[in-house]
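The UniProt record's numbering puts the sequence shown at residues 1 to 730.
Glycine included, each C-beta is placed from N, C-alpha and C at the ideal position.
Note that the structure is a prediction, hence the values are computed from the model and not measured.
Step one of this worksheet: look at the structure below.
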Amino acid sequence: MDSLASTSNFNLNDNNDCKCIIEQLLQKSFGTYSFSEKQNIINKGRPTPKLQNLKSKNKKTFRYFNSSYYDSNKWLSGCEKSQKLYCWPCILFSRESNVWSKLGFVDLNNYHNLKHRHETNRSHIECLITLKKFDNVRIETCLNSEAYKISIEKHNETIKNNRYVVSRLIDATCYLAKQELPFHGHDEQITSTNRGNYVELINLMRTLDLKLSGHLSTATVFSGLSGDIQNDLIQSISNVLMKKVTLEIKNVDFVSIIMDETTDVVSKSQLSIIFRYITHEGVQERFLGFVDVSQDRSAKCLAEHTFNILQEYNCENKLIAQTYDGATVMSGQHNGLQALVRLKCKNAMFVHCYAHKLNLILKQSVDHIKECKVFFLTLFGISSFFSKSTKRIYALEQEVKKRFPSVAPTRWNYNSGLVEMMSEYKQEVLNLMDTIIENGEKWDSETLSCARGFFQTIQDFDFNFFLLIFGDILPQATVLLNILRTKIFDVTYCNTKILDFVNHLKNMRNNFDQIWSKSEQYLNTEMPLRSKRLRITEVSEDKITNYRRLFFEIIDVLVTTINERFSEISKLQFFSLLDFSKFDQFVNQFPTNSMDSLKNSYGEYFDFSILKSELTIVYSSTEFHKRNINELWLYLKSTELSESLPQVTKLSSLILTIPATSAGAERSFSTLKRIHTYLRNSQSQNRLSALSILSIEKQLLTQIQKENSFYDEVIEDYSKKPRRINLCFK
């Protein structure tokens, strides 16, 4: 019997892959070969030579064979020796003898008609199916073997036990991540009394779980305790969590992006990325991870990160709003991040996020001015001095009570209110520093050293100059922020208050002489000025002129920041379409201007004739008069009225997705706050992004842990990583 081993001499290749396998199959049918020989033939694939001599005469011209026929017909093959076409599945499996399986096709003039006729032939279709199923034939034969069945059962029992063990490791990983506890210990040697939370938790679990204990006692290659296993499990759980987010985003109409730059415990600049959208459960703010932007914080670089994340979640066309903190992304209408994003996502309106503290944003906007940065660093240093010691805080409170007997305890860990705190209690802080210095034997060396430094700093001209400036500005910024949070649906009112704040800043330009005079009074009445603090005096002939220039620069930067920050707030006038306090008014007079605002900003998403009709019904019916828009959304979805009022439902979704709204009191503890808390408390940076997702999105993690498929999905992802344990069933 001829062996197919001889086919290795056939010189098969893309252009000349028949020397001549088809001719040999015509002489010796495919069914007579051994299984391995059949596999060899099929693995090599159909021959597709050029057949340059295949042609048919058509009246005065010739029709030549076109190799593109192979691309459009995956069953078509050719024989270079005979210069004919064949059906590859039919040559292999057909019992019929026809032009496609035995004789060879040459009639190019009728190619398309005859090809179509052959494709509808039942025998041809059966051969296609047989070819697809060929690889399973051998397995089906093996399955009838009793020994094979026993080996499969034994293998699957082992896999079941392995997956059980990994599921317990997943439980431990989820617990530590949600509790924000460090995984590693300082000493993880077997002899250590504390090998770290992860190892110790597994050891506790094994005392309560005989199956887990049995595995850990006998395992030689997979104990589940190594750092690599921990990292892989963290990543796999995070991947499953993000798949859930991907599915949520797939089913929503609108998405907004919130990006916030935060410094972590090792002083790296971390860019947090959040998607905001609305599901059947209400507003969701999903944390997608951290990006280290310490090396490049330019708008161009940040835009690249933004586009990458939008593409990853396939939501570029759904992006309707963007918001960022910090001065880095606010520099210039055309060069800023928001402008770059708008070039690709035209509907991505730039808005101020309800969770961004306006006074901190203003502080960030002047950080590039060295004197301002030094002032705020000094202020934060004083804050840290008190927040790290309850004894120091108690001493300050006793000092404050001498002047304000009923005052509440001071909050020196509340960064956004530090300027107000220092403005109010500067004299008490100064008195306490003096007391510590005079009674140094009662305090530790660190406290005494810091007190001496701060005693001088608080009396410094620069410190008092900037304290007077920002002590006037930042409290009003806090008031404005509260208005924006509570009155955002009244856009006209909010816009008026923003203009009032800007005008106040502009009018402050006339107050320089007054601020200068007060600063000099502090200098003259408290302590002689130390020359090292007057850096500007040393390089300038006119101290007042230089400080006036610095003062004007600060005011101009703040005015520019506010104008850019709220440049598009007037475009949110359509919010008032769902301002419940005005529904009675809208019954008599429809808010046409607000409807026009919606047309201008997001006109492509709505049918406005239907929307107007639906809104008219909503305004006149008290069942739709809710406390906030989130309640309206949930009511529409729970009663299935969203199907009857689709345009109003979509409008609710749009407004809730825009991060200018807080969606109600229950959302006050925002995702941004959780991120900042995590970065302050985190002790590990090696796996920051994946682990932070599990911690910050702990509520979502808890939810998907209850799903039956959770462990299988995590294990499926984990099984794709390099590992030393078999997790795949047969």
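Status (buried if at least 16 other CB within 10 Å, exposed otherwise) for residue i
i, result
"N507", "exposed"
"V479", "exposed"
"Q179", "exposed"
"S531", "Reliability fails at S531, whose pLDDT of 40 lies under 50, so the model's placement of it is uncertain and the value that follows must be treated cautiously. Exposed is the call here."
"E541", "Low per-residue confidence applies at E541: pLDDT is 49, beneath 50, and the placement is therefore not dependable, though the value from the model is reported in the following sentence. E541 comes out exposed."
"P528", "At P528 the pLDDT is 44, less than 50, meaning the model places this residue with poor confidence; the figure from the coordinates comes in the next sentence. By the 10 Å Cβ count, P528 comes out exposed."
"S692", "buried"
"R46", "buried"
"S668", "Caution applies to S668, whose pLDDT of 33 falls short of 50 and renders its modelled position unreliable; the value that the coordinates give is listed next. So S668 ends up on the exposed side."
"F729", "exposed"
"N464", "buried"
"A147", "exposed"
"L210", "exposed"
"G31", "exposed"
"S97", "exposed"
"L701", "buried"
"K720", "exposed"
"D460", "buried"
"G336", "buried"
"S36", "exposed"
Expected contact under 8 angstroms - CB spacing of residue i and residue j to nearest Å
i, j, result
"D462", "E520", "Not a contact, Cβ separation roughly 12 angstroms."
"C494", "L484", "6 angstroms"
"E428", "E446", "21 angstroms between Cβ atoms; not a contact."
"L467", "S423", "6 angstroms"
"D490", "S570", "That pair is no contact at about 12 angstroms."
"I202", "A172", "6 angstroms"
"V557", "L474", "Their Cβ separation, rounded to whole angstroms, is 14 angstroms, which puts V557 and L474 out of contact at 8 angstroms."
CB of residue i within 7 angstroms of CB of residue j, strictly
i, j, result
"R319", "C345", "According to the sequence shown, residue 319 is Leu rather than Arg. It is a contact, given that the beta carbons lie within the stated cut-off."
"S56", "R63", "yes"
"residue 734", "N239", "The displayed coordinates of the chain run from 1 to 730. Any statement about residue 734 would go beyond what the structure contains."
"I488", "A660", "yes"
"L340", "A395", "no"
"I696", "Q647", "no"
"K599", "H280", "no"
"H112", "H118", "no"
"L505", "V559", "yes"
"F350", "Q338", "yes"
"N197", "L216", "no"
"H305", "V291", "yes"
"F551", "F590", "no"
"I249", "C315", "yes"
"F583", "Y619", "yes"
"S269", "S236", "no"
Nearest candidate by alpha-carbon position, reference residue i, set the options
i, options, result
"F501", "T457, I555, F512", "I555"
"H352", "A690, Y711, F105, T657", "T657"
"K243", "L288, V587, H280", "L288"
"S653", "T492, L208, I229, A321", "A321"
"N162", "K706, G440, I715, F608", "I715"
"T207", "G196, R168, S642, L271", "R168"
"Q476", "G417, S517, Q459, W443", "G417"
"S644", "I617, F583, R627", "I617"
"Y313", "R286, T323, T560", "R286"
"N110", "F65, R627, S94", "F65"
"Q83", "E23, N121, H116", "E23"
"C127", "Y33, C90, I152", "C90"
"L694", "Y70, E623, L241", "L241"
"I278", "D253, L271, S294", "D253"
"S689", "P182, I234, W75, L225", "I234"
"L362", "K720, Y324, F580", "Y324"
"R724", "R509, D579, I229", "I229"
"E397", "N431, K373, Y70, V366", "N431"
CB contact below 7 angstroms: residue i versus chain C
i, result
"L362", "You won't find chain C in this structure, because it holds only one protein chain."
Cross-strand partners of residue i (DSSP beta bridge)
i, result
"L87", "Note that residue 87 is Cys in the sequence shown, not Leu. Answer by DSSP bridge pairing, in chain order: L76."
"I258", "I274, T323"
"Q427", "None; Q427 has no bridge partner."
"R63", "S56"
"Q284", "Y277"
"V291", "L271"
"F501", "Answer by DSSP bridge pairing: none, since F501 is not bridged."
"M349", "A321"
"F105", "L85"
Residue i: CB within 6 angstroms of a non-hydrogen atom of the ligand GDP
i, result
"D209", "Only the bare structure without any ligand can be found here, which leaves the ligand GDP out of the picture."
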